[in-house]
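What follows is one structure encoded as structure tokens, with my remarks underneath.
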Amino acid sequence: MSFTKVFFASILGALLSVAPATAQSTSETPTTHPCQFDTKMSHFDFWLGQWDVYGDLKKTTPLFGKNVIEKNQNGCLMTEHWTGARGSTGTSMNYYDGTKKKWVQHWVSATGTVINIEGGLENNSMVLTGEIFYINTDENPIRDFRGTWTPVKEGVVRQFFEESIDNGKTWTPWFEGFYFRTAK
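In terms of numbering that gives the first Met the number 0, the sequence shown opens at residue 0 and continues consecutively.
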């Protein structure tokens with residue numbers, strides 16, 4: 000056998016002997032994929048999917064937009080991709096932060112609006128509070144902000160946002176949308 004054949008045969012043998020070990024090490028276990036096995040990581044799973052968003056439960060309002068919520072990084076991160084009916088867009092990262100023992104959302108829109116909120120499950124709703132920043136306003140550009148996601152019935156989630164300019168003494172509705180699942 001020539002040197003080249005021996006060389007390639009030894010490489011092929013080495014690759015074949017490693018393949019089963021590699022396959023075993025990528026199987027999903029609590030050690031290799033901890034976020035897929037930790038129940039805290041599934042508290043927000045009711046929001047996963049592809050959605051059409053309307054202003055009421057009967058869909059009598061025009062379509063507000065479409066939203067896609069999916070898990071990434073082996074279930075450790077949820078990403079949101081919003082496309083409004085009039086062309087607005089925004090993206091959020093959502094994850095459970097073990098150092099804070101809270102769920103966290105960081106949202107950025109194409110208009111420069113930034114939302115940073117955190118919290119957790121309260122009475123079957125995900126309730127996150129924090130701040131919103133408006134890049135395009137000088138009057139109260141940073142405001143208190145609260146978001147609540149509530150499963151209403153199978154395949155429907157209510158999202159309700161509020162803001163406050165008086166340190167949370169009074170809250171003004173900012174957005175209310177009813178998410179209707181189009182695909183999981």
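The C-beta atom is built at its ideal place from N, Cα and C for all residues, glycine as well.
> Given a threshold of 16 other Cβ atoms within 10 Å of its Cβ, counted over all protein chains shown, does PHE144 qualify as buried or as exposed?
Replying inline: buried
> For GLY74, which of helix, strand or coil comes out of DSSP?
Replying inline: helix
>> Applying the 10 Å Cβ sphere with the 16-neighbour rule, what's the burial state of ASN73?
In response: exposed
> If you draw a straight line from the alpha carbon of VAL69 to that of ILE131, how long is it in whole angstroms?
Replying inline: The amino acid at residue 69 is misidentified as Val; the sequence shows Glu. So the two alpha carbons sit approximately 23 Å from each other.
>> Can you give me the C-alpha to C-alpha distance between LYS101 and THR90, rounded to a whole angstrom?
In response: 20 Å
> According to DSSP, is THR171 helix, strand or coil?
Replying inline: strand
>> Assuming the contact rule is C-beta atoms closer than 8 Å, GLU162 and TRP148 should be a hit. Round their C-beta distance to whole Å, please.
In response: At roughly 16 Å, the Cβ-Cβ gap does not stay under 8 Å, so GLU162 and TRP148 are not in contact.
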